[in-house]
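Undergrad:
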Amino acid sequence: MAFNRSFGTAAYTIRQKKSGGLLALPAVLWLVLFFLLPLAIVFFVSFMSRGPRGTIVFPLTLEHYNRIFDIFFPVIVDSVRIALVTTVICLLVGYPLAFFISTRKSRRAQQIALFLVILPFWTNFLVRTYAWRVLLGGDGPVNNLLLSLGLIETPLTLLNTEFAVLVGLVYGFLPFMVLPIYASIERFDFRLVEAAYDLGANDWHAFWRVVFPLTLPGVVAGCILVLIPSIGAFVTPDLLGGTEGLMIGNLIQTQFRGTGNWPLGSALSVVMMAMVSLGLIVYMRFGGQN
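This note's numbering numbers the first residue of the sequence shown as 12 and each following residue consecutively.
1. Can you grab the Cα-Cα spacing for the pair Thr-134 / Leu-210, in whole Å?
2. May I ask you to list the residues that DSSP assigns as paired with Val-68?
3. Using only alpha-carbon positions, find the residue among Leu-170, Phe-184, Leu-127 and Ala-35 that is nearest to Cys-304.
4. Can you tell me where the alpha helix (DSSP H) with Phe-136 in it begins and where it stops?
5. Within 10 angstroms of its Cβ, does Ser-288 collect 16 or more other Cβ (buried), or is it exposed?
6. On the premise that Gly-252 lies in contact with Thr-165, defined as a C-beta separation below 8 Å, what is that separation, rounded to the nearest angstrom?
7. Taking Gly-271 as the reference, give the member of Pro-63, Val-39 and Ile-52 with the closest Cα.
8. Select from Ser-57, Gly-105 and Phe-267 the residue whose C-alpha is nearest the C-alpha of Ile-124.
9. Would DSSP call Pro-166 helix, strand or coil?
10. Can you look up Leu-130 in the DSSP assignment and give me helix, strand or coil?
11. Are the CB atoms of Pro-131 and Arg-119 nearer to each other than 9 Å?
12. Going by DSSP in three states, Asp-150 sits in which element: helix, strand or coil?
13. Looking only at its own chain, which residues have a Cβ that is under 8 Å from the Cβ of Arg-202, when we skip the five neighbours before and after it?
14. Smallest Cα separation from Gly-179: which of Leu-48, Gly-161, Ser-113 and Ala-244?
15. DSSP on Met-10, reduced to helix/strand/coil?
16. In this structure, does DSSP put Leu-160 in helix, strand or coil?
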């Protein structure tokens with residue numbers, strides 16, 4: 012009797028695994044065809060040579076990786092630096108905003124505030140970026156306001172600068188910082204702060220020793236969600252930065268245009284994916300488990 016029961020349980024488990032495998036099969040095929048296969052093609056092309064009129068030919072070579080670290084390394088450094096500055100600014104702005112939203116007593120007020128945070132997503136990112144070109148232009152509202160207030164005598168050169176790139180990136184990715192931090196603070200038990208006050212802590216010590224460590228998973232998630240797309244951004248640097256906003260995303264786009272250097276563009280893509288993977292490893296190590 013016990014043997015029959017065990018056999019029946021084992022047969023049920025096998026059937027369950029088979030049905031689970033069949034359900035996952037479409038997703039697995041999708042990932043293989045549209046993620047792993049293109050990734051493998053890009054990785055292979057990065058070792059090939061550039062032929063006449065931009066064709067891809069043999070032999071295999073490491074020349075493109077050598078060019079990246081000899082010639083284009085400053086662009087990679089600038090991309091990482093701009094992405095890090097964008098992440099820091101988003102954190103400094105997003106954490107207080109998320110804290111303000113999560114501590115509203117009215118649930119309706121929280122929902123309205125969150126709605127305002129995600130409202131820009133209702134408009135195409137390209138349209139929003141072009142709007143910043145108008146705002147930061149020489150005859151734009153920002154310069155006109157500063158001129159009318161008498162703060163400047165001549166229009167400032169805001170467009171096609173690194174400042175414009177930072178403004179566009181912070182504007183575009185700030186919601187990705189606010190939402191995970193809000194979710195982390197929303198689950199925080201504020202009775203722990205009261206306990207810290209009872210033990211003699213002031214507001215500063217209560218925040219740094221209680222609130223911030225317990226909301227750190229949301230901070231790490233937000234930083235990764237901002238840092239990774241900022242490194243590979245190309246629309247914002249291209250439209251707002253011009254030649255002053257050259258980042259690795261723009262460099263990759265240039266190589267794949269027309270008769271560009273596809274192997275070099277593939278090598279740049281592999282390097283960028285390696286940096287992104289490093290960020291994901293950091294997230295899984297420090298924030299993913301929590």
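Don't be surprised by glycine CBs; every beta carbon is placed ideally from N, CA and C.
What you are looking at is a predicted structure, and each value in this text was computed from that prediction instead of being measured.
TA: According to the structure shown:
1. 49 Å
2. Ser-60
3. Because the chain here runs from 12 to 301, residue 304 falls outside it and cannot be looked at.
4. 136 to 147
5. exposed
6. Rounded, the Cβ-Cβ distance is 22 Å, inconsistent with contact.
7. Pro-63
8. Sequence inspection shows Ala at residue 124; the Ile mentioned does not correspond to that position. If we check each option's Cα against that of Ala-124, Gly-105 comes out closest.
9. coil
10. helix
11. no
12. coil
13. none
14. Ala-244
15. In the structure displayed, the chain extends from 12 to 301; residue 10 sits before or after that span and is not available.
16. coil
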